[in-house]
Amino acid sequence: MSDIIVIGGGVAGVSVAACLAPHAQVTLLENEKSLAYHASGRSAAMFIRDYGNASVKALNAASADHHHHADGGVLSRRGMMLVARADQSEAFRADAADLGLGEITLAEAASLWPILNPDTVEHAAYRPDAYDLDTDLLIQNYARRARAAGATFVTGAPVTAITRSGQGWRVTAGGQDHTADIIVNAAGAWADEIARMAGAAPLGITPYRRSMARIAAPGGLDTSGWPFVDGVEESWYAKPDAGALIVSPSEEERVDPHDAWADDMVLAEGLARYEEMVIHPVTRMLANWAGLRSFAPDRTLVIGPDAHTPGFHWLAGQGGYGFQTAPAASQLTADLITGAAPSLDAATIAALNPARFA
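The sequence shown begins at 374 in my numbering and counts up by one.
Shown next as structure tokens:
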């Protein structure tokens, strides 16, 4: 095959570079000086097989074996719990069913999450097979595989121009020109901007900010064995992290592509929703940050060739599902480019195809 340029050094770009490198000379271009700087560096780092819509769940299922076993695996069991007040019963049942959680007693919930507030929590559900995902290890595994197959990574190279000629694509990045027959647009929040540069129609890939706070272990307790805990309708979540606790308000604030930072008021509101369900108040934050989750208008990933721009392929719109879907999404992209038979079913492939927006 001919040369391929991958634009974007997050998990999407690095994983697809690894899948394509055995078949072509691949150059990956990343705006920042390091890989996985933006959304991929600020992930909640979970693998929950039933998290997402139907096409996302299909990608999750197709990615599970890779996450469990490839390069020794990147998953460790965490468990997931959903909690709700009495007045949230309807939303609780809907969320529990969608996420495949089984209802448990409050005594069982408190044994798993000892900070649970029995005065406010009325409902709890749980599944043991939710996993921490070692995002750095996954990135490094894919990067190592890509480089071993001959891929070149160029970091600190913002793309400033893309032109098309009879000889293929010319991409100017970091003041240098790179040529290829195929571009893979794995630019995350900047995917529509890259499309415009290439003369392709933007698809409405929209970034939304999500903030996170790290707080000290409540009551000085050992958090290491606690589950990932979610509020109904994704109103907040909490997850153990390096002896502390990460709490997110789970907000979706539409923003322009940028190096995101947390909003103090949004964090305060989210921490208040979390505090309502626990017995230990939040006294201070240890740190805070934010990332961008970028969605297509139908909140389904966009994977495949552009309907009107030959040689331009999309791998975008991952939303909050980038890491957990990466093995299947990158392999599908590579299959479509190389002409290999995809392992995913035809209905899922059609649901992901950018032609749905044509």
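Ideal Cβ placement from N, Cα and C applies to all residues, glycine included.
Endpoints, the beta strand (DSSP E) within which residue i is located
i, result
"N490", "Careful: N490 lies outside any beta strand (DSSP E) and carries neither H nor E."
"Q549", "Q549 to A553"
"D595", "Per DSSP, D595 belongs to no beta strand (DSSP E) and is neither H nor E."
"T536", "V532 to S538"
"H686", "F685 to A689"
"P678", "V675 to P678"
"D505", "Y504 to L506"
"V379", "I377 to I380"
"L393", "First-last for L393: V384 to L393, but that is the alpha helix (DSSP H), not the beta strand (DSSP E)."
Identity of the residues DSSP links to residue i by a beta bridge
i, result
"W662", "M585"
"F601", "M453"
"G473", "Its beta-bridge partners do not exist; DSSP assigns none."
"D614", "A617"
"V544", "I535 and H551"
"I556", "I378 and F685"
"Y499", "M454 and G475"
Pair within 8 Å by beta-carbon distance, residue i and residue j
i, j, result
"D423", "D471", "yes"
"A385", "V399", "no"
"F730", "A571", "no"
"I676", "A553", "no"
"P600", "M419", "no"
"N433", "Q704", "no"
"E481", "A457", "no"
"A431", "L717", "yes"
"V605", "L401", "no"
"A530", "A516", "no"
"I578", "D565", "yes"
"W486", "V620", "no"
"S623", "S608", "yes"
"P727", "L576", "yes"
"H396", "T711", "yes"
"I588", "M638", "no"
Inter-residue CB distance, residue i and residue j (contact presumed, cutoff 8 Å)
i, j, result
"T721", "S428", "5 Å"
"A701", "A524", "At roughly 20 Å, the Cβ-Cβ gap does not stay under 8 Å, so A701 and A524 are not in contact."
"A562", "S667", "5 Å"
"N514", "D438", "Not quite, the Cβ-Cβ distance comes to about 14 Å (not below 8 Å), so this is no contact."
"G381", "A519", "Not quite, the Cβ-Cβ distance comes to about 13 Å (not below 8 Å), so this is no contact."
Span of the alpha helix (DSSP H) around residue i
i, result
"I722", "A719 to L725"
"L709", "G695 to T711"
"L408", "L408 -> no alpha helix (DSSP H), and no H or E assigned at all."
Next on the checklist: Across the stretch 486 to 496 and the stretch 640 to 650, are there enough close Cβ pairs to call them in contact, namely three or more that are closer than 8 Å?
Outcome noted: By the criterion of at least three beta-carbon pairs nearer than 8 Å, the stretch 486 to 496 is in contact with the stretch 640 to 650.
(request) Mind the definition here: the stretch 690 to 697 touches the stretch 665 to 675 only if three or more C-beta pairs lie below 8 Å; say whether that holds. (result) With the cut-off at 8 Å, the stretch 690 to 697 and the stretch 665 to 675 touch.
For the structure I just gave you, are there three or more beta carbon pairs, one from the stretch 580 to 588 and one from the stretch 651 to 671, closer than 8 Å? Because the criterion of three Cβ pairs below 8 Å is met, the stretch 580 to 588 and the stretch 651 to 671 touch.
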